[in-house]
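Novice: Below you will find the structure I want to go over with you.
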Amino acid sequence: MEDYRIKIKLKSLTGTYWQSDTIFGHLCWQVAYGVLDVNIEDFLKPFRERKPPFVLSDGFPEGLLPRPMLALKLKKAKTPEEYNEVKRKKKAPYYKFDDFLTVSRGGEMKNIPPDNPWRPIITLHASIDRIN
0 MEDYRIKIKL KSLTGTYWQS DTIFGHLCWQ VAYGVLDVNI EDFLKPFRER KPPFVLSDGF
60 PEGLLPRPML ALKLKKAKTP EEYNEVKRKK KAPYYKFDDF LTVSRGGEMK NIPPDNPWRP
120 IITLHASIDR IN
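So this is what it looks like as structure tokens:
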């Protein structure tokens, strides 16, 4: 199976992380609305037969890949600074592409991973005047 990368440019904020089942659901709705030249039953048939023509991953920020779920090879920390570096590498949700390949092949990650690019925005859900 070949790998493809699709970039999606958002026009607004999203409320949750992009999970593969949500992305697939939106794709199905586009098929149902007639965006593609196939009806929804024909589109879903190979998936129902357990022979999917493609699989989707969760979405993630451009230029980054999710941290591999492997045990990391990290050097022992000798100073508090090294301890913080090791801890940051273990907890980083995303790695740059080269670091991802190094770690997934069993190598030791040399670089400090980037900060989590997802930023929560706190908003009020209801504004009720409780004084009047």
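For the sequence shown, numbering that gives the first Met the number 0 assigns the number 131 to the last residue and increments by one with no breaks. Don't be surprised by glycine CBs; every beta carbon is placed ideally from N, CA and C.
#1: Just verifying my parser: in three-state terms, what is the DSSP assignment at Tyr93?
#2: Give me the DSSP bridge partner(s) of Lys72.
#3: Should Pro112 go down as buried or exposed, given a rule of 16 or more other Cβ atoms within 10 Å for buried?
#4: If contact is defined by three or more beta carbon pairs under 8 Å, each pair taking one atom from either stretch, is the segment 90-99 in contact with the segment 110-124?
#5: Take Ile22 and list the residues in its own chain whose beta-carbon comes closer than 6 Å to its own, dropping the five residues that flank it on each side.
#6: When you compare the CB positions of Pro65 and Pro116, do they come within less than 7 Å of one another, or not?
#7: In the DSSP assignment, find the alpha helix (DSSP H) that holds Pro52 and state where it starts and stops.
#8: The beta strand (DSSP E) that contains Pro60, what's its start and end?
#9: Taking the runs of the alpha helix (DSSP H) that are 4 residues or longer, which of them lie wholly in the segment 13-42?
#10: When the Cα atoms are used, what is the spatial distance from Glu48 to Tyr3?
#11: Taking all protein chains shown into account, do 16 or more other C-beta atoms lie within 10 angstroms of the C-beta of Val102, making it buried, or fewer, making it exposed?
Specialist: This is what the structure gives:
#1: Tyr93: strand per DSSP, three-state reduction.
#2: Glu107
#3: buried
#4: yes
#5: Leu55
#6: no
#7: Counting along the chain, Pro52 falls outside any alpha helix (DSSP H), and DSSP gives it neither H nor E.
#8: From DSSP, Pro60 is part of no beta strand (DSSP E); its letter is neither H nor E.
#9: 19-31
#10: 23 Å
#11: Counting C-beta atoms within 10 angstroms of its own C-beta, Val102 has 16 or more neighbours from the protein chains shown and is therefore classed as buried.
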